[in-house]
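Residue numbers (my numbering), protein chains in the order written: chain A, 17 to 342; chain B, 17 to 342; chain C, 664 to 1028; chain D, 664 to 1028.
For glycine and all other residues, C-beta sits at the position ideal for the given N, C-alpha and C.
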Ligand SMILES: Cc1ncc(C[n+]2csc(CCOP(=O)(O)OP(=O)(O)O)c2C)c(N)n1
Ligand SMILES: Cc1ncc(C[n+]2csc(CCOP(=O)(O)OP(=O)(O)O)c2C)c(N)n1
Ligand SMILES: [Mg+2]
Ligand SMILES: [Mg+2]
């Protein structure tokens, strides 16, 4: 066990998976000599050499498109998109090919591909560097969408994604890259994709969040618990698609109240699907509307103003209290 | 007044808008000499000439990207993407530029762009020709997403989209292109973007649908009304984003029951946002869960099997009855 | 204003077999007779299949179909040059090559009939499915080539696409990656001079597709795409280069689409018969037959026998296609992921229950 | 194997002012003295602003910033060649050109300080905002050029991008469109030989960026990008072609990024000082000063005076930036659409209510 940042934990997963299986390879912009602009790929080039660690030219669609070809050719590519904002340039390949090869060929050819990408705000970056667009990928059948929240979940889920026979969009909350540390076991560890995690037990209300939203959520929950003497369950979603509907529905049935905290803009986001799930399977258990706390439906403002536009502890706390008081 | 197909009605709007405003121009693959693969652009090249009707090379991102440049240069381009499946190749430009130019420049430069695209299934076409991906565009702040359902709404909404100062994704249900006719006034007509239409009045339940789903929805509603002696409201959504939440909420408050019929796959689709809206503003009025009738979460099957995967009259009818009986 | 010239490039053109059936002796690849016959037979089969499929489409027995009549030489020459371990990455107008790789015609019919089962090929065919998103298959070919080399295989990849497809970003990005990686891949452009209604000169201001190779620092060559020996030679040489680790090549096969774009298209809207005629005279089948006759490998009797054999093959394929039993209706649910998640299994049940009459409930269990 | 050569291409190289400050008399554009001085002054201002902004970034007074030190000639030469009605479409390393177009440095500081207000330029500057999605601005330039011509304007467009950006699909698609349309646009590639850590030879296997023009049937030229006269001449000539209706040109300005990619980058991870040194000797500022001195236009006194003037300009800009009052916090809600829809107005209210302390509720009404 070592206390690691998320960057170190992801790096550990890459090292161990590349050691375990020599069909695993890493490609992307600046992932080799430079070890990634966030140093997530540190040491890989030195240890595994050029054919397995590829500094590609600057073209997102080709990074994903050639990785699909590698996967069809028996490899397990882990492609990095430098910032998730540029991943939409590869959506044609992801939606049109990665997501469909298995159904297109009746199961004859799958695409065991991982596309890693730092996403989300909070690091004072330039335009297009702060978005959360997981809902777009989640709407595409054939893709899986995973978002870890802590070093340990990041490491275990990335290992699972690399071993997964299907394409996984692996979105890394870059605000959490170095914000805190967590014990991460040295021995390889995986977690099941498609399973949410109960980050905190509780029975009076359930808050669902993922990625970088988990920390302000936990902070807000603590404040409310302390102030009110209530107990609040926190669900760390971890996988956006396929959604762990069972855990969500159980939470509503057991607590009657739910708040969803989402970094993405409000409309047509993942929280809506969570609400739809509750509507389908637990409507009668609801004692209050499910509260969405999300970014506003504006283009993510440039970094001087962005902070006020992401959900923060204060908004989350108020949302929880409102829902408790409903 | 003339009875027109949707293709004719869209064509009428293009003719009239190009006559009205000589900054309007049309570009896309095969839109000129060939008059569009569905003949939607018939007569435009002959009437308005080459600089205003452009047969472009084969590149979706550039069709949208150059159209953005034209819009910045004072024109009002109407770009055609031959099939919506290929529009995702241009999502980088749409999300990264069309949707943001106004906020990027604090309002100094808008992008009055319309991107037209036939979408949806039911015409026995090849792979990638049958998808409904409106939810992806709807999640992007700065884009508007419009889906007409009939010839008259298509004509009036397209005219409005062309006059709109912001980018509009105009999705045309190709199954409805020639399936039926409707009276369309000769004089120019527009409809407000962002307003749903009550396609049928009713008080016991409301069904929401859009695009090609409207017809099977109406057929199913008639069957149920006849069989049960109930009255069912049908909301033809017309604009996906911004959503006409008022009309949706009012419908739940007045009927207590809602069914949403969506051609897109179930998860993370527009119906989820509709449910989230109801949850936010009319939860206590709900007498049954909002029922979603959607395509399954699989890649749209090739055309020999596709029919069974889209919502049809029978599934809609059952969904309505279930919701009435809840 | 005088400027120093610092780079010079040239683009070659290759024709081996001319329209009269004459082989340039300096360029003759010296193919054995059986290969010459094989090329001809493959082209006739492709042509006959095209004709039949057009009829099947008109009769509603298959869906929209894109014929390749007139382009057969651009398809079969490269296929002949490929080794058994090489990969074919087709666009959608390569029936000739696909048949030569051993894909049954009945499978191809399933594809155009609207069944994913039409993409399930014998593994030995080493062929990816037809690609509908134009140029999107080109990066796959590059990645596949990279994978073969990384895994120590000697296999190369031949990727096809049309002239229109070269305008797509994916074409550009893929060729650039391939050249940087020196990936063992051969890019074959079937320049049939049309992308639906868009003529070549509106597609690009470059005079040839071959010259686009210069942008990637890779060799490009234009060949007479109606000459199966030229397409064979160019791809054979390019494959040798690829295997020797010298990197990719762009081969432009200049040909012509003699028929409609697809059965949904009406070419009289955008081109005249006059324009098409000169290209009918350049029919690859005609010159190849002339060659075979000159070499005493062919006569009317063999022709009749071949046509009869093709008819039989096609009849059998159509029969196999039309008597093919689709699997249970819920198979799409099996194919989204290797293991369907719980929610998909739930949807499968609902789906089965929603089926009309006899099919209802018929599913996985 | 002999093949007929059917096409020949060549790529020229242009240098006017060499590293010693000598002008090739055959190539001298004969710029008036004040233009030569203007070029030099613009480069010094850009350099000084770079240095100051690096300090501001280290002090946390602006955000991540990408300096262009060493690349000034590639930026100001083209800007000098442009007419007042021409459009500048920058990438993100064109501060020199943007300043020459009349964009206040304080506005540029707002941009790097994280404010959209840093993209609001005087209309006369005819300049689009900085583009962060690499190459995505190139099709805009083409469409803009098309619009200017359609509207009967005489204006042309100059679009900038880096060597790495030429690998993107959008670069390819845009150049192809431009050539087919003969759009009045000039493409200027600042080939600084790096895309973050990726050196030019890993970016593309083509020897030059200029040769990529051949793929589009357009002229391409490589110029010494550290020579402001060469970049000026090449773009001036290309603009003349564009205005004459002869179509676009690709100008490659071969230069070098002397500093880090951005302040977030540590170049010592991927290149040595040894590699950088030869390029320090080719500093565009040095040779331009030598030229001015030869022409008796410059001396230490004028240099001191210029540096002082730059410092003052920069001081004032920093002050204007740092005393700038942001508008009310809810302005982003005004800017998504021309008219905010009802739901956005509702969100605005919630947003305002959510603001801490003094700001809470301060908004549109
Ligand atoms: C990305 C994309 N855009 C548009 C289409 C629609 N489409 C199908 S074939 C075709 C023309 C293709 O031209 P070319 O590449 O020259 O191939 P050809 O049809 O001539 O064989 C078009 C526009 C498509 N399939 N994919
Ligand atoms: C589409 C896209 N991909 C990746 C990035 C991240 N990124 C910013 S600058 C840069 C390198 C750009 O290289 P080049 O085009 O040569 O310009 P230079 O930085 O050398 O001026 C990268 C990879 C981006 N901004 N946009
Ligand atoms: Mg073609
Ligand atoms: Mg560069």
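For residue i, three-class secondary structure by DSSP
i             : result
residue 318/B : coil
residue 769/D : helix
residue 852/C : strand
residue 60/A  : helix
residue 339/A : helix
residue 703/D : helix
residue 215/A : strand
residue 754/D : coil
residue 680/D : strand
residue 834/C : helix
residue 734/D : coil
Buried or exposed by the 16-neighbour rule on C-beta atoms within 10 Å, applied to residue i
i             : result
residue 168/B : buried
residue 668/C : exposed
residue 236/A : buried
residue 28/B  : buried
residue 18/B  : exposed
residue 219/B : exposed
residue 935/C : exposed
residue 689/D : exposed
residue 196/A : exposed
residue 98/B  : buried
Any non-hydrogen atom of ligand 2 within 8 Å of residue i CB
i              : result
residue 833/C  : no
residue 827/D  : yes
residue 924/C  : no
residue 1029/D : No statement about residue 1029/D is possible, as the shown extent of chain D runs from 664 to 1028 and does not include it.
residue 74/A   : yes
Near ligand 4: residue i beta-carbon under 8 Å from a heavy atom
i             : result
residue 920/D : yes
residue 842/C : no
residue 927/C : no
Sub-9 Å separation of residue i and residue j beta-carbons
i              : j              : result
residue 293/B  : residue 264/B  : yes
residue 881/C  : residue 913/C  : yes
residue 40/A   : residue 33/A   : yes
residue 1029/C : residue 853/C  : Within the shown structure, residues of chain C are numbered from 664 to 1028, placing residue 1029/C beyond reach of any answer.
residue 69/B   : residue 61/B   : yes
residue 79/B   : residue 44/B   : yes
residue 67/B   : residue 1004/D : no
residue 808/D  : residue 907/D  : no
residue 118/B  : residue 1001/D : yes
residue 884/D  : residue 1014/D : no
residue 812/C  : residue 842/C  : no
heavy atom of ligand 6 below 8 Å from residue i C-beta
i             : result
residue 855/C : In terms of ligand content, the structure shown lacks ligand 6 and carries ligand 1, ligand 2, ligand 3 and ligand 4 instead.
beta-carbon residue i near ligand 3 non-hydrogen atom, thresh 8 Å
i              : result
residue 1009/C : no
residue 858/C  : yes
Ligand 1 heavy atom lying under 8 Å from the CB of residue i
i             : result
residue 102/B : yes
residue 773/D : no
Which residues DSSP lists as bridging residue i, in chain order
i            : result
residue 43/A : 70/A, 95/A
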